[in-house]
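Protein chains in written order, with this note's numbering: chain H, 364 to 672; chain Z, 175 to 484. Data first, discussion second: the structure below is written as structure tokens.
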């Protein structure tokens, strides 16, 4: 038998998808993009669930092994009901990303409203009560991930403002208080002709490695049938993330399986988080076709190696 | 003599335009809007000009009377060669708005790079040298202006993010990092400002609160019509609109406002309040700089009366 190279660097778990609408204990339309965190051996995933009304909110899944999960009976974060947060969350909460920093779990998410999509930050100690902190961008911005430690004494984030001609690049910004942000710089841009030709955005909160900050990002290429969302990697300088050390030429995961190709939004793999295990295996959790949550694994050294190729 | 009915609240100076391409000692392609300030009796404008290559720079113009200006040939600000700013200004700098605050002249301007427009901040004391302080927005944000005093202990600015084409405001403790963004006013369906709005001249503190001059666009089958309008914002919380004029304060009517690279445009980024008279410097058809004046009381009255209508 001819031994062929795998098409995708990531290895899909054979039991995929790990969650679908059938696993949600309340009425909803779909479950997809989710952000994982491992606390004292327990795996938690903050899930984006889209209700039948059409807007999204967050639910929580719990598991012991990172593959089998139970979803809590009630959603954990709903759009703000009053005041400032209600005004900018009327169309829901999307794509959470968890970062553990200074003893606190921060949740970066996209708030959607008639005013446009903007980035919000919330925090929790225990994943029981959640406190909203602030909106931290103007409209026209999403896909924000917080670095898990300060860089040169400041909090740092990646995000994706929509620039001219709706082309979206990944930018870095800094803050001393998590509320006021500045010192904005572009990090990477879409590459014409490549799989990430049209728009890109941060996906997984940056992972610190001895080669630099490893970012697993998403990118899409526009076709006559719509976009194809894939995943790639970039390594950024530890002291100055605007300095790119390496970027993968090929996508590390592309939609191929049925649960990635068929759903409310076809041909999408979209990660919002990953767990690095003690044996250097990385579990990347990603939404498939905006209709399921999946997991794929890869050795972190292979991921870094691929980034340099 | 009976006073002729004026369609526009703003009265055009009879000598308009104030600056045309023919008045310049150098060759350039276009004249855009200008920031305006009065310093020790001297009128100073920071005029955006587009050169023949298509790049924009900011030129300084001086005048003793506010009508006759000398424009300096060497740009006051042009694309930066500094590593921290170069990438944001590859295609030029434009649309300055001056704010006199805490004894210094702050300039919010647009950096034009291939990512789109970003807001940048610079400061000058003498209008001879200028120091860039930072890039203060991500793309794509335009029409930035600093309020002349702190609001609830924080620096405050107006801005126009591309998404939604509304006027927003943000706050800062240090002028470099910004947050707490909130909507101030939005386009109004069916009105003259139905499709896009942005801050025009730097907000002016008046008895009733902050006077916001803004530009509004209505799209037509032959392109946009850009007009100027006004609103009064609450002094302590500018997101609270006290009154907003239902009608523009000036619309393109004269040939010099209708004919140019951009047709049917009156657009301002600078005004000077002298006693009770507001001098509004505005660009017409992206081709020349003009002056319009009006009594502050007339603008305020229009805003307040509009509020009563609803």
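All C-beta atoms, glycine included, are put in the ideal place defined by N, C-alpha and C. The structure displayed is predicted, hence computed values, not measured ones.
Annotation for residue 378 (chain H): no beta strand (DSSP E) segment contains it, and DSSP assigns it neither H nor E. For residue 463 (chain H), there are no neighbours in chain Z by C-beta distance under 8 Å, as the nearest C-beta there is about 22 Å away. Assignment of alpha helix (DSSP H) within the segment 337 to 380 of chain Z, counting only whole runs of 4 or more residues, yields no such run. Going by C-alpha positions, residue 428 (chain Z) is about 19 Å away from residue 241 (chain Z). The Cβ atoms of residue 456 (chain H) and residue 419 (chain H) sit closer than 8 Å to each other. Selection H:398, H:514, H:570 evaluated against residue 538 (chain H) yields H:514 as nearest (Cα-Cα). In this structure, residue 485 (chain H) sits away from residue 478 (chain H), with a CB-CB distance that is not shorter than 8 Å. Taking a C-beta distance under 8 Å as the contact criterion, residue 220 (chain Z) and residue 282 (chain Z) do not qualify as a contact pair.
For residue 576 (chain H), the closest Cβ of chain Z is not nearer than 8 Å.
Non-local C-beta neighbours of residue 436 (chain H) in its own chain, meaning closer than 8 Å and more than five positions away in sequence, comprise 388, 389, ordered along the chain. Beyond the five residues adjoining it in sequence on each side, residue 373 (chain H) comes within less than 6 Å, by CB distance, of 615, 616, 659, 661 in the same chain, given in chain order.
Boundaries of the alpha helix (DSSP H) harbouring residue 663 (chain H): 663 to 671, taken from the DSSP string.
Under the Cβ criterion of 8 Å, residue 539 (chain H) is counted among the residues facing chain Z.
With respect to the C-alpha of residue 522 (chain H), the residue from H:433, H:459, H:558, H:406 having the closest C-alpha is H:459. Taking C-alpha positions only, residue 600 (chain H) is separated from residue 577 (chain H) by approximately 9 Å. With fewer than 16 other Cβ atoms from the protein chains shown falling within 10 Å of its own Cβ, residue 555 (chain H) counts as exposed. Of all residues in the segment 491 to 524 of chain H, those with a C-beta nearer than 8 Å to a C-beta of chain Z are 497, 498, 499, 500, 501, 502, 503, 504, 522, 524, reading in chain order.
Between residue 247 (chain Z) and the set Z:237, Z:226, Z:198, Z:207, the nearest pair of CA atoms involves Z:198. By the rule that beta-carbons nearer than 8 Å mark a contact, residue 216 (chain Z) does not touch chain H. One thing to note: residue 605 (chain H) has its Cβ within 8 Å of the Cβ of residue 535 (chain H). Two segments are said to touch when three or more pairs of C-beta atoms, one from each, lie closer than 8 Å; by this definition the segment 493 to 513 of chain H touches the segment 337 to 344 of chain Z.
Shown here, residue 464 (chain Z) sits in a strand according to DSSP, grouped into three states. For residue 255 (chain Z), no CB of chain H lies under 8 Å from its own CB, so it is not counted at the interface with that chain. Scanning chain Z for C-beta atoms nearer than 7 Å to the C-beta of residue 526 (chain H) yields 289, 290, 313, 314, reported in chain order. Taking C-beta atoms under 8 Å as the contact rule, residue 218 (chain Z) and residue 236 (chain Z) qualify, at a distance of about 6 Å.
With a beta-carbon spacing of about 13 Å, residue 181 (chain Z) and residue 468 (chain Z) fall beyond the 8 Å limit used to define contacts.
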